[in-house]
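In full-length UniProt numbering, the protein residues as written are 1 to 383. All C-beta atoms, glycine included, are put in the ideal place defined by N, C-alpha and C. Have a look at the structure below before the remarks.
Below you can see the structure in the form of structure tokens.
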């Protein structure tokens, strides 16, 4: 009883502060914290619901980059963990009650596909369906099957899909992915406002991408040559690119994938080289390449400095990665497992300054949990 009385007293004391000071304190919080503060009492709910506050808060929060990890403990709970580059701790978001609105089987396997803004897409393995969840409005819906029919979780490739929220606060979004149909890349696009799919076949061609805001979707990934589709307002239909590495000796050396891993996304590729150490591997180097705006081939961008590699080069048994390029910044995250323990590395590269940063992450406490998806996201807002 005393604990609840103390909590109520603290909340009342906080609300007695000047409104300008309360707003300043709220602006220093991450979005999940602000949403929780909205539930404290009517005064804070009214303040946070004010249109001027929402406008200022959205301007601040949309500049943040988030890393989301979805993990599920068997028959226990479904937790989405989020970490912002503007905060210093993980946030837990339970989505079990939201998913239950459209998934009626308690043992159903749900996987996180991608996220952008307030929209998160999950894939149901047994139902072969995609589920859209708005974490702020709590809206949940199943996306109707695409023209290819129902798809299992293994059919989705991170580098071959993109979620694009509408610029307005309508909650609508577009979901695009590319797939080879009869050896030809076809772009499938779902519009949540119309509730319909449309498809466009990509064509061979050449173009100068300088100054154009293109979306790149990978239809096929290979060390020697990739098949990438460029989508933009000036490219109707979408344009096929076949980026290659210019140096033949480099191409030949990268055919051996035993000591190298490639992670693709947003017109870039991350190349990770490792060396054997007893029954594990140790990460030695990380390079990032991007599609040249002139030639359409892979072009070297940068490599992680040796002083950072010395700190992140730990033994691992299994490693997966995620890559995002946005607004002149490239973000890469590596998740590795060694003897049951998970390790997460988040690196960012600022293309204009040429500087690499290592985002230090506290322990996400993954032990005993099943990893069911990882993604970058940005544009979280109160609406």
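Annotation for residue 314: no alpha helix (DSSP H) segment contains it, and DSSP assigns it neither H nor E. Ranked by Cα distance from residue 363, the first of 353, 345, 352 is 345. In this chain, the alpha helix (DSSP H) harbouring residue 32 covers 31-37. The alpha-carbon of residue 217 is positioned some 7 Å away from that of residue 265. Ranked by Cα distance from residue 214, the options 246, 268, 78 are led by 268. Counting along the chain, the unbroken alpha helix (DSSP H) around residue 26 starts and ends at 19-27. Contact check for residue 279 and residue 272: beta-carbon distance about 19 Å, past the 8 Å limit, so the pair fails to qualify. Under the three-state reduction of DSSP, residue 98 is assigned to helix. Apart from the 5 residues on each side of it in sequence, residue 111 sits with its Cβ closer than 6 Å to the Cβ of 123, 153, 372, 373 in its chain, given in chain order. Apart from sequence neighbours up to five positions away, the residues of its chain that approach residue 72 with a beta-carbon distance below 6 Å are 78, 370, 372, ordered along the chain.
When the beta-carbon positions are compared, residue 222 and residue 180 stay at least 8 Å from each other. Between the alpha carbons of residue 195 and residue 170 lies a gap of roughly 14 Å. Taking the Cβ atoms as the reference, residue 229 lies roughly 6 Å from residue 187, within the contact range of under 8 Å.
Three or more beta-carbon pairs drawn from the segment 279-298 and the segment 308-318 are found closer than 8 Å, and the two stretches are therefore classed as touching. In the structure shown, the three-state DSSP call for residue 166 is coil. By the 16-neighbour rule on beta-carbons within 10 angstroms, residue 57 is buried.
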